[in-house]
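Encoded as C-alpha cells, the structure appears first; notes follow it.
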Amino acid sequence: MSNLTVGRIATLRGRFRPPSDKSLTHRALMLGARADSPSTVRTPLDAGDCRSTAACLRALGTEIDWSGGLVRIRPQPWLPPTEVLDCGNSGTTMRLLSGLLAGCPWTTVLDGDASLRRRPMGRIAEPLRRMGCSVEGERPPIRVTGTDRLQTIRYESPVASAQVKSCVLFAGLQAPGETWVREPHRSRDHTERMLAALGVNVLRAPEDPLWVGVEGGSRWSGFELSVPGDFSSAAFFLVAAALVPEAEVAACEVVLNEHRTGLLEVFRQAGVPFDAEQTSTEVGEPVGTVTVTPGGPYRPFQVSGGLVPRMVDEVPIAAVLATQCDGWSEIRDAEELRVKESDRIEKVAQGLRQMGALVETFHDGMRVFGPTRLRGATISADGDHRIAMAFAVAGLIADGETVIQGAESIDTSYPNFEEELCRMAVV
Ligand code: S3P
25 MSNLTVGRIA
35 TLRGRFRPPS
45 DKSLTHRALM
55 LGARADSPST
65 VRTPLDAGDC
75 RSTAACLRAL
85 GTEIDWSGGL
95 VRIRPQPWLP
105 PTEVLDCGNS
115 GTTMRLLSGL
125 LAGCPWTTVL
135 DGDASLRRRP
145 MGRIAEPLRR
155 MGCSVEGERP
165 PIRVTGTDRL
175 QTIRYESPVA
185 SAQVKSCVLF
195 AGLQAPGETW
205 VREPHRSRDH
215 TERMLAALGV
225 NVLRAPEDPL
235 WVGVEGGSRW
245 SGFELSVPGD
255 FSSAAFFLVA
265 AALVPEAEVA
275 ACEVVLNEHR
285 TGLLEVFRQA
295 GVPFDAEQTS
305 TEVGEPVGTV
315 TVTPGGPYRP
325 FQVSGGLVPR
335 MVDEVPIAAV
345 LATQCDGWSE
355 IRDAEELRVK
365 ESDRIEKVAQ
375 GLRQMGALVE
385 TFHDGMRVFG
395 PTRLRGATIS
405 ADGDHRIAMA
415 FAVAGLIADG
425 ETVIQGAESI
435 DTSYPNFEEE
445 LCRMAVV
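Add 24 to the 1-based position in the sequence shown for this note's numbering, that's all there is to it.
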C-alpha cells in the first residue's frame, strides 16, 4: 500500500488534459472486439480498469495490441475462455461484458478484486435471465451461461444505471427483434451515442424518452476513434480550483455530455464561477474546456432525483465542496453510492468527520454543514480511487498534513494524478 501526503497549498494554476474517459474506453474496446473489421482506438485510458477489459477480451479470443497510446483491435470469433475472466476493480467490465456474453452459448466465470466482490450483480442477472441466459451468483464471482437463442425483452430497471442499461442493450444486439430498457432517470448515454456513431439504429420511444432500444442482429464495421478526457477525473481539480485562493484551472479536451456534467449544476447552485465551452465533437460526444476560478462565499446546494446519475461519481468531491458552503448542503436519492467501489456515503462521512466537518448520513445520502476549517487527517482510501482523490483535494485546504492510505487505487482512473497536482500546485 502506498501513501500520498498532501498539505495546504498557496494556489493552483494551469491547464490540464485529464486522462481519457474510462466509460468511453471500455465501450470502444468492447464494440471494437465485436465489430466486423479491425479498429483503432487512439488515446485510450491506460489505467487499471480498461486494462482489465482488454485482458478479458483477449481471453475470449480478440487480438488486441495496446502500445504507444494506441489500441489496435482485430476481432476474432469468441471461444469459451480457458480461465476465469478477471475484471479487477471494474464493475463496468463485468456488467457490460456479461451483456455481450449473454449471446455466447457456453459458461464464462467472471471475478474481480475484493472491492468488486462486494458489488451487486443481481441487477444484470435479472434482465439477462429474462432473456434466456443463466447467471449464477449475486456477487462476483458470477457464472454467465449464454445462449444463441436469446429472447428480446422490455425491461424496466429499478436503478438508473448505465451499466445495467448497456448490459441489456449489448445482449439485445444479439436477440431477434427489438430489446428495450427503461430507467427511472437518464444515466450516461455513451453506449447509445457510440452505437449510433457506428451506424447502429438506436431506438427511442417518442412518448417516453426514458425507454431506449436496439434491434437484434445489428452489425457495425471497425472504426477509428480518439477518446476525449474524462469529466469525472477533471472534477477533482475543478473543485480544487473552486476552493484554493486565487486558483485558475482549465480542463481541456474533456467530455461535456450533459449526463456527466451534473457537477456544473452544483457549481451553479453554490455560485462557483466557471465557464464550459464546447470546442469539438468526438464519437457523438461534445468535447470542450471547463475553466474554474474561486469565488465565494458559496451557497449550500441540493442534489437529488435526476441530478444524481448525472454526477454519480462526483459525489465524494462535491461533499468536499459542501464543507466550504455556507449552511447545510444535502445529497439524497444516492443509495447507489453504497454499492460503488466502496460504500461512498460512509467513507465520505467518516473521512470528512476526521477532518473536522459536520456530516449526517441517511440511507440514501448525506447532509454536510459548512463552512468548516478542515484539519489534516489520515484517511484510508479502502481501494476506492475516487475517495483517495477527493480527500487529497480536501488536504489542499486543510491545516497540517493529510495522508491518504491506499493511494495506489488512484491508478484505476488517474495514473498521473499526483504528477498533475505537483505541476499545478503553488506551495
Ligand atoms: C459507468 C456507469 C456508472 C459509473 C461508473 C461507470 C459506465 O455506474 O459509476 O463509474 O461506464 O457505464 P452506474 O451506471 O452503475 O451508476
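We put the CB at the ideal spot given by N, CA and C, even for glycine.
This structure is a prediction, so every number in the text was calculated from the model and none was measured.
- Sequence-distant Cβ neighbours of T117 in its own chain, meaning closer than 7 Å and more than five residues away, are H50, D73, S76, T77, C80 and C111.
- The closest heavy atom of the ligand S3P lies 7 Å or more from the beta carbon of T436.
- L382 and L219 have their alpha carbons spaced roughly 45 Å apart.
- Looking only at F261, P129, R96 and L120, the smallest Cα-Cα distance to L103 is reached by P129.
- Between V278 and G308, the gap from beta carbon to beta carbon reaches 8 Å or more.
- Relative to the ligand S3P, T116 has its C-beta within less than 7 Å of a heavy atom.
- DSSP lists L134 as the bridge partner or partners of I166.
- Closest in alpha carbon position to A449, among V268, T285 and R58, is V268.
- Around the beta-carbon of M25, fewer than 16 other beta-carbon atoms lie within 10 Å, marking it exposed.
- The beta carbons of Q175 and A138 sit about 35 Å from each other, so the pair does not count as a contact at 8 Å.
- As the crow flies, the alpha-carbon of P182 is around 12 Å from that of S211.
- In the DSSP annotation of this structure, the continuous segment of the alpha helix (DSSP H) that includes Q374 starts and ends at R368 to Q378.
- Per DSSP, the unbroken beta strand (DSSP E) holding G394 starts and ends at G389 to G394.
- Shown here for A274: same chain residues with a beta carbon closer than 6 Å to its own, the five before and five after excluded, namely R39, T313 and T315 in chain order.
- In terms of Cα proximity to Q100, the closest of A149, G424, V108 and I88 is I88.
- Taking 8 Å as the upper bound for CB-CB distance, S257 and P439 are not in contact here, some 10 Å apart.
- Runs of beta strand (DSSP E) with 3 or more residues, each lying fully within the segment 66-126, are found at 87-91 and 94-98, listed in chain order.
- Here G201 has T176, E239 and G240 as same chain residues with Cβ atoms under 8 Å from its own Cβ, once five neighbours each way along the sequence are excluded.
- Relative to W352, the option among R391, H409, T385 and E289 whose CA is nearest is R391.
- The beta carbon of A418 sits closer than 7 Å to those of V344, M379, L398 and T426, all from its chain and outside the five residues before and after it, given in chain order.
- In this model, S190 and E207 are separated by some 11 Å (Cα to Cα).
- DSSP places E289 in no beta strand (DSSP E) but in the uninterrupted alpha helix (DSSP H) bounded by G286 to A294.
- Counting only residues of its own chain and dropping the five nearest sequence neighbours on each side, V327 has a CB closer than 6 Å to the CB of I355.
- The Cβ neighbour count for D172, taken over all protein chains shown within 10 Å, is under 16; the residue is labelled exposed.
- Relative to the Cα of P310, the nearest Cα in the group G295, N281, G330 and D299 belongs to N281.
- Note that the segment 58-65 does not touch the segment 297-305; fewer than 3 beta-carbon pairs, one per stretch, sit closer than 8 Å.
- In this structure, V339 is the residue among E216, L140, V339 and W235 with its C-alpha nearest to the C-alpha of A358.
- Within 7 Å of the C-beta of Q175 there is not a single heavy atom belonging to the ligand S3P.
- As the crow flies, the alpha-carbon of N225 is around 46 Å from that of Q348.
- If you check the C-beta of V336 against the ligand S3P, you find a heavy atom less than 7 Å away.
- Restricted to the segment 273-341, the beta strand (DSSP E) segments that are unbroken, complete and at least 3 residues in length are 298-306 and 309-316, listed in chain order.
- The alpha-carbon separation between T215 and D423 amounts to approximately 43 Å.
- Remark: C-beta atoms of L222 and G237 do not approach each other more closely than 8 Å.
- A direct Cα-Cα distance of roughly 29 Å separates V159 from H409.
- The Cβ atoms of D45 and G253 lie closer than 8 Å to each other.
- Judged by DSSP in its simplified three-state form, C128 adopts coil rather than helix or strand.
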